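Trainee: If you scroll down you'll find the structure; I have some questions about it.
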Amino acid sequence: MIALTRKVLCLDWDKRSLRLVVARVGKGRMVLEDAHSHRVPHDVDTDDPAAMGDLVQQMMRRHNLRARQVVVDVPRERTVINRMTLPPTPADEVAAAVRFQAMRELPFSLDQAAVDYVITRTDEKGLTTEVLVAAVMNETLGKVRDTCAAAGLTPTRIGLRPYANLVSASRVQELEGRRVMFIDVGPGATEIDIFFGRSVAFARSANVNVPVPTRDRSATGEDSRIISLAEIATLDSAEADEAIDAAVDELMVEVTRTLQAYRATESDVTIEAVIVAGGTGIESHFADALYRRLGVPVELFDPTGPLGVDATEAGKLRSFSAALGLAWGLSREGLLALDFLNPKRPVSSKEVLKARVRNGAIAAGVLLGLAAGGLGAWYLRLAGERDALLKANSELASRLEERQRIQAFVDHAKDWQIDAVWPDELLEVARAAIGPGRQMLAQSMQMRVSSNEQKIKLRNVQVTDAQVQYDFVRALGRIDDVAEPRFRAMAGTWSGQPAGEFKGRLDVDVELLRVAERLKAKERRDAERRRLFVGR
C-alpha cells in the first residue's frame, strides 16, 4: 500500500532540456509540490553520466530539493517495442511465454537487455492473447543508473516515456474506447504515440530539429518556463518564421508517416483526437496546422485542472507530460505498466520445486508429530494426498516438457521466413531516391538475401549528372544515423550517355545492415533452441 505522505522525485530529460517534478502520492492521488524545467547547457553531453548527473545535482541544490531516490524514464528512441501474439496463456505463464517468444523476435539476445511487457488483449476466458513488449539495452540502462548515481540518487523505477505520457493523457482526456494521438514535441526529437483506451497501440520517435533561441543565461541554466514564439521572433523575424514553418512542416510529415505505419498494422482505424505537449514554443502553431490537416479535435496538453493549479500555469507545465505521468503512475500500484529496473520475470521451475520441497518437508514434520500422537490414520490419508499431488506434478512437468518440445519444432519450421522487413527496406530506399523519374531512374532491382549476402541491387540506374549518384549514396547512409546505419550503398562505375535527359548510367549495390543483423540473431536463436532441444 502506498502512503499518501510519500514524497517522490521524478526526472525526465532529452538532449536539450531537463524536467524535475516533486509530488506527494498515494491512494490514487497525486499532489504536485514543485516542477522545474531547465535547458541543458551546450557544453553538457546528456549521454555523459558524470556531466548530466552533475547538472541534475546543481538544479536540485538550486531549488533546495532533497531526495535520495528518483523515478526516471527511457525515451522511445532508445527502446525496441514489439506487439506479440500469444496462444491463450494463463497469467502465471505469460512471463515465460513472452521471454521464449522474445528470444526469437528481438534483434539481440535477452541477456543484453531488460525486457518488460504489458498485456494488451485477453480472450473471453481471461487468457492472454497479445502483449506489448519493450526492451532496453543494458548499456542504456547503465547510463541512466550512472547519471542518477552522479547526482547522488538511486533509481527505484525506470519507466517508458510513451507509457508515462499515456498516464498523463488519461488525466486530461477520456481515452476509454477511443484512439487518441499524443505528440510530445521536443527540441531535438518528437515522440508520436497512438493510445487506444488505456494502452499504447503505436509509438515512434522522429528526429525533428525545432528552433530554440540563444539567450544570455546564468551558469546554473535556463529558468523554469517555456519558450514563446515572441522570443524566437526577436532573434530575426523572417529567419525565425521560416525556421518555425519548416519545423511544423517536417512534424506534419512525421505525423503522416506515423498514421501510415499504424494503419499498416491496424486497418480501417480513425484517430478521434490529438493532444500536443512540449515546451519548444511552437506547439500552438503546430496544433493549428494539425487541425487544418486532420480535421479532428486538437488540444494542447493542459494538466492544470487535474492538478488543481491556476490555469495560467498551463503553458509552463505543457512540457511536463512524461514527468507528471511518472508521478501520477506512482499514485496507485499497476499504473506504471512497464518498469525496466524491475521487469516481470518467469518463476523458474527450480524455485517452484524448492518451494514444494520446503512445504513438503514442513508437512512431513507435522505429520510425524501427529503420528507420534496416535493420529496414524490421518497421516496415512495425508500421505496418500501427497503422493497424488506428486503424481499430478510429474504429469504437469511432462506436459510442460512436451509443450516446449513442440514449440521448438514450430519455431524451427517457421524460421525459414526472414522477418517481413522488405516493405520497410524498399520504402526507405525509394524515399532516398533523388528526383525519382526526373533526375534518377532505375531500370531493374534485384534482391539477394542469404547468410553471405544481404543486398538490394539497382541495375542500370540512369542519372542526369554525377552529383545525383553521390547524393543518393549519402542519403541512404544517413537513414537511422542516431543508431547503427541501416544501409551501406556502393555506386558502380559511371558510364556516360550524351543523348537524352539522362547523362550517365551506373549500378548501385545497397547492403541491408539491419537484415544482416537479424539473420545473425536468427542463427543465435537457432543455436539456443538446439541446445534446449538436445538438453531435453
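In terms of our numbering, the sequence shown opens at residue 5 and continues consecutively. The C-beta atom is built at its ideal place from N, Cα and C for all residues, glycine as well. A quick note: this is a predicted structure, and the numbers were derived from the prediction, not measured.
(1) Where in the segment 245-282 do unbroken runs of the beta strand (DSSP E), each at least 3 residues long, occur, reported from the N-terminal end onward?
(2) Using the beta-carbon count (16 or more within 10 Å), is H46 buried or exposed?
(3) Taking only runs that begin and end inside the segment 151-195, name each unbroken alpha helix (DSSP H) of 4 or more residues, in chain order.
(4) How many angstroms separate the CA atom of V60 from the CA atom of V25?
(5) On a CA-only basis, which of K147, R175, S271 and A154 is nearest I162? Give me that one, please.
(6) Could you tell me which residues DSSP puts in a beta bridge with W17?
(7) What would DSSP say about H289, mapped onto helix, strand or coil?
(8) Have a look at Q443 and L170 and give me their C-alpha separation to the nearest angstrom.
(9) Which runs of the beta strand (DSSP E), 3 residues or longer, sit entirely within the segment 20-74?
(10) Who are V204's beta bridge partners in DSSP?
(11) Answer with buried or exposed for R509, where buried requires no fewer than 16 other C-beta atoms within 10 angstroms of its C-beta.
(12) Can you tell me whether DSSP reads S222 as helix, strand or coil?
(13) Going residue by residue through the segment 469-518, where are the continuous beta strand (DSSP E) segments of at least 3 residues, counting only ones entirely within it?
(14) For V273, I'd like the list of residues in its chain whose CB is within less than 8 Å of its CB, leaving aside the five on either flank, ordered along the chain.
(15) Could you tell me whether the segment 55-75 touches the segment 14-30, using the rule of 3 or more Cβ pairs below 8 Å?
(16) Between V75 and L334, which are expected to be in contact by the criterion C-beta below 8 Å, what is the C-beta distance as a whole number of angstroms?
(17) In whole angstroms, what is the alpha-carbon distance linking A341 and V135?
(18) For T224, does the count of other Cβ atoms within 10 angstroms reach 16, so buried, or fall short, so exposed?
(19) Out of curiosity, what's the CA-to-CA distance linking G57 and D314?
(20) Just list the alpha helix (DSSP H) runs in the segment 287-344, keeping only unbroken ones of 4 residues or longer that don't cross its boundaries, in chain order.
(21) Would you tell me roughly how many angstroms separate the C-alpha atoms of A117 and V48, rounded to the nearest one?
(22) If we count the other Cβ atoms within 10 Å of its Cβ and call it buried at 16 or more, is L430 buried or exposed?
(23) Can you check whether the CB of F305 is closer than 8 Å to the CB of A281?
(24) Considering just the uninterrupted stretch of the alpha helix (DSSP H) at E109, what are its terminal residues?
(25) If you count every other CB in all the chains shown that lies within 10 Å of the CB of D220, and 16 or more means buried, which is it?
(26) According to the Cβ coordinates, are A250 and L157 closer than 8 Å?
(27) Determine the contact status of K31 and P92, defining contact as a CB-CB distance below 8 Å.
(28) How many Å lie between L345 and L15 at the Cα?
(29) Comparing the CB of A154 with every heavy atom of the ligand MG, is any distance shorter than 7 Å?
(30) Just to confirm, are S288 and S41 a CB contact at a threshold of 8 Å?
(31) Between the Cα of P350 and those of R80, T316, P94 and Q73, spot the shortest distance and give me the residue it belongs to.
(32) What residue from L294, S172, T260 and A470 has the CA that sits closest to G500's CA?
(33) Given a threshold of 16 other Cβ atoms within 10 Å of its Cβ, counted over all protein chains shown, does W498 qualify as buried or as exposed?
(34) Check for me: the beta strand (DSSP E) holding E134 runs from which residue to which?
(35) Taking a contact to mean a Cβ-Cβ separation below 8 Å, would you say R80 touches A207 in this structure?
(36) Which stretch, first to last residue, makes up the beta strand (DSSP E) that contains D120?
Mentor: According to the structure data:
(1) As for any beta strand (DSSP E) of minimum length 3 sitting wholly inside the segment 245-282, the runs are 277-282, ordered along the chain.
(2) H46 should be labelled exposed.
(3) If only complete runs of 4 or more residues are kept, the segment 151-195 shows the alpha helix (DSSP H) at 165-176, in order along the chain.
(4) Cα to Cα, V60 sits roughly 12 Å from V25.
(5) The closest CA to that of I162, considering only K147, R175, S271 and A154, is found on K147.
(6) Bridge partners of W17: L22.
(7) Assignment of H289 by DSSP, reduced to helix, strand and coil, places it in the helix class.
(8) Their backbone Cα atoms lie some 44 Å apart in a straight line.
(9) Along the segment 20-74, the beta strand (DSSP E) occurs as fully enclosed runs of 3 or more residues at 21-30 and 33-43, listed in sequence order.
(10) Paired residues: F199.
(11) Around the beta carbon of R509, a 10 Å sphere encloses 16 or more other beta carbons of the protein chains shown; the residue is thus reported as buried.
(12) Below a pLDDT of 50, predicted positions are generally treated as unreliable, and S222, at 43, falls in that range; the measurement from the model is reported next regardless. It is coil, neither helix nor strand.
(13) As far as the segment 469-518 is concerned, its whole beta strand (DSSP E) runs of at least 3 residues are 491-495 and 508-516.
(14) Contacts found: R183, Y266 and R267.
(15) Segments in contact, yes.
(16) Approximately 6 Å separates the beta-carbon atoms of V75 and L334; this is inside 8 Å, confirming the contact.
(17) Taken atom to atom, the span from the alpha-carbon of A341 to that of V135 is near 12 Å.
(18) With a pLDDT of 42 at T224, under the threshold of 50, the predicted position of this residue should be treated as unreliable, though the coordinate-derived value follows. So T224 ends up on the exposed side.
(19) For G57 and D314, the distance between alpha carbons rounds to 32 Å.
(20) Correct list: 287-298, 308-311, 318-321 and 325-333.
(21) Those two C-alpha atoms are separated by around 27 Å.
(22) Exposed is the call here.
(23) Yes; because the gap between Cβ atoms is below 8 Å, this pair is in contact.
(24) First-last of the alpha helix (DSSP H) with E109: V98 to E109.
(25) Reliability of the predicted coordinates at D220 is poor, the pLDDT of 43 falling under 50, and the value obtained from them is presented with this limitation in mind. With fewer than 16 other Cβ atoms within 10 Å, it is exposed.
(26) With contacts defined by Cβ atoms closer than 8 Å, A250 and L157 do not form a contacting pair.
(27) The Cβ-Cβ distance between K31 and P92 does not fall below 8 Å.
(28) For L345 and L15, the distance between alpha carbons rounds to 15 Å.
(29) What this structure holds is no ligand at all, so the ligand MG is not there to describe.
(30) It is not a contact, given that the beta carbons lie outside the stated cut-off.
(31) If we check each option's Cα against that of P350, P94 comes out closest.
(32) Per the Cα distances, A470.
(33) Exposed: under 16 other Cβ atoms inside 10 Å.
(34) In the DSSP assignment, E134 falls within the unbroken beta strand (DSSP E) covering T132 to M141.
(35) Result yes, Cβ atoms of R80 and A207 sit closer than 8 Å.
(36) D120 -> beta strand (DSSP E) spans A117 to T126.
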